[in-house]
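Participant:
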Amino acid sequence: MTEFNDKLDVAVVLVNDGYASTAVGPIEVFSAAGTMWREMCGDDPEPRFRVTTASIDGAPVRSAYGLNIAPDRAIADLGTADLIMVSASGPVPNDWMARHAAIPPWLAERYQNGTRVAGVCSGVAFLAEAGLLDGRRATTHWGVADGFRQRYPDVDWQTDLLVTEDAGLYCSGGVNAASDLSLHLVERLCGRTVAIECSKALLLDMPRPGQSGYAMLPLARPHDDEKVRDAEHHLSEHFARDVPVEELAERAGMSRRNLVRRFKEATGHMPGVYQQMLRVAAARKMLEDGAPSIQQVGLSVGYEDVAFFRRIFKRHCGITPSAYRDRFSPNRA
Numbered sequence: 013m014t015e016f017n018d019k020l021d022v023a024v025v026l027v028n029d030g031y032a033s034t035a036v037g038p039i040e041v042f043s044a045a046g047t048m049w050r051e052m053c054g055d056d057p058e059p060r061f062r063v064t065t066a067s068i069d070g071a072p073v074r075s076a077y078g079l080n081i082a083p084d085r086a087i088a089d090l091g092t093a094d095l096i097m098v099s100a101s102g103p104v105p106n107d108w109m110a111r112h113a114a115i116p117p118w119l120a121e122r123y124q125n126g127t128r129v130a131g132v133c134s135g136v137a138f139l140a141e142a143g144l145l146d147g148r149r150a151t152t153h154w155g156v157a158d159g160f161r162q163r164y165p166d167v168d169w170q171t172d173l174l175v176t177e178d179a180g181l182y183c184s185g186g187v188n189a190a191s192d193l194s195l196h197l198v199e200r201l202c203g204r205t206v207a208i209e210c211s212k213a214l215l216l217d218m219p220r221p222g223q224s225g226y227a228m229l230p231l232a233r234p235h236d237d238e239k240v241r242d243a244e245h246h247l248s249e250h251f252a253r254d255v256p257v258e259e260l261a262e263r264a265g266m267s268r269r270n271l272v273r274r275f276k277e278a279t280g281h282m283p284g285v286y287q288q289m290l291r292v293a294a295a296r297k298m299l300e301d302g303a304p305s306i307q308q309v310g311l312s313v314g315y316e317d318v319a320f321f322r323r324i325f326k327r328h329c330g331i332t333p334s335a336y337r338d339r340f341s342p343n344r345a
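In this note's numbering, the protein residues as written are 13 to 345.
1) Select from Asp-254, Arg-74, Ala-261 the residue whose C-alpha is nearest the C-alpha of Asp-242.
2) Nearest by alpha-carbon distance to Leu-216: which of Thr-92, Leu-193, Glu-141, Ala-86 is it?
3) Can you round the beta-carbon distance between Pro-346 and Ala-142 to whole angstroms, since I take them to be within the 8 Å contact cut?
4) DSSP on Ala-76, reduced to helix/strand/coil?
5) Around the Cβ of Gly-126, are there at least 16 other Cβ atoms within 10 angstroms (buried) or fewer (exposed)?
6) Leaving out five residues on either side along the sequence, give the residues of the same chain with a beta carbon under 8 Å from the beta carbon of Gln-170.
7) On the CB-based measure, 16 or more other CB atoms within 10 Å of its CB, does Phe-320 come out buried or exposed?
8) Tell me which residue opens and which closes the beta strand (DSSP E) that Thr-64 is part of.
9) From the DSSP output, read off the bridge partner residues of Ser-184.
10) What residue from Ser-191, Phe-160, Arg-273, Asp-18 has the CA that sits closest to Val-36's CA?
11) On the three-state DSSP scale, how would you describe Gly-331?
12) Determine the direct distance from the alpha carbon of Arg-296 to that of Met-289, and round the result to whole angstroms.
13) For my contact list, Phe-138 and Val-98 are in at a C-beta cut-off of 8 Å; report their separation, rounded to the angstrom.
14) Which residue wins for smallest C-alpha separation from Glu-300, given the options Cys-329, Phe-340, Arg-128, Tyr-286?
15) Look at the alpha carbon of Arg-337 and the alpha carbon of Ile-331, and state the distance between them as a whole number of angstroms.
16) Can you tell me which of Lys-276, Pro-283, Glu-51, Phe-275 puts its alpha carbon nearest to the alpha carbon of Phe-4?
Next up, the structure:
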């Protein structure tokens, strides 16, 4: 085995009543990075990570479905780590945070000392409880999203995304997104080539819209307001031109003020933002197909100013159009 000089230390934190796959999956991804694919190709493995596991007190934890997992050590005994990933709980009981009260302050201290911190699914709660996510983008499983919004109102919850990254803090939106988040981190820390090789060896898809960190945006939450549904449909049919709110209000037979209020209540977005999201979704599809001209993509979805298009795209997706194309176009993998 070839020793890679710049191996990174990763610690996976195990929690009681957690989903074992959200710990084991990342361990396998990080352990496979630089090793499994190279071995399959007859090359010497070059492991990129040193992976360890920890629980609050170093004792085994029992998963949500009865699997006992023994950690390597207690969190207090962990040495220096480049990345700490907290696995997900099962259905979150009322006393769950109290039973794991030692984790949030420990995470806060580690983050202040320069460690990257990631949370999988409901494990994101530990980052939020520590105050690390205040004023920052984050995601979690949709099933706990409303409760998290109430408990952590200062977090910019973007649960339409499966993976978020903000200032060295990483979150994933579901149990199966643990592998997506792990591959995203492999790419972030080791480069795209290592991540692609890892995904091939493990038969995992590279992060792509609909199955990864930059999921296609569900433009509205479910609702029963037929007038708003008609407005949504009209916007989707004409997203590439400017659609005045007055036009939507006239179609709905109500005042501009009432239309805006009902639209926001039903969808969670103002009409203008909703149209931006439609345009960005269309632009993403064009970029995934390898569109060569960013300016032409912007024009096609309604933006004559390419600089403004880039700003809007980055606001919604977290990366520039060209970076998105490089990441998600199959022709550039």
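Backbone N, C-alpha and C define an ideal beta-carbon position, used for all residues, glycine too. No experiment lies behind these values; they were computed from the predicted model shown.
Facilitator: In brief:
1) Ala-261
2) Leu-193
3) For the chain, the structure presents residues 13 to 345; residue 346 sits outside this window and is missing.
4) coil
5) exposed
6) The answer, listed in chain order, is Arg-149, Ala-150, Thr-151, Thr-176.
7) exposed
8) 61-67
9) Val-132, Val-175
10) Ser-191
11) The question names Gly, but residue 331 is Ile in the sequence shown. Three-state result, Ile-331: coil.
12) 10 Å
13) 5 Å
14) Phe-340
15) Arg-337 and Ile-331 have their C-alpha atoms roughly 10 Å apart.
16) In the structure as shown, the chain starts at 13 and stops at 345, and residue 4 therefore has no counterpart that could be examined.
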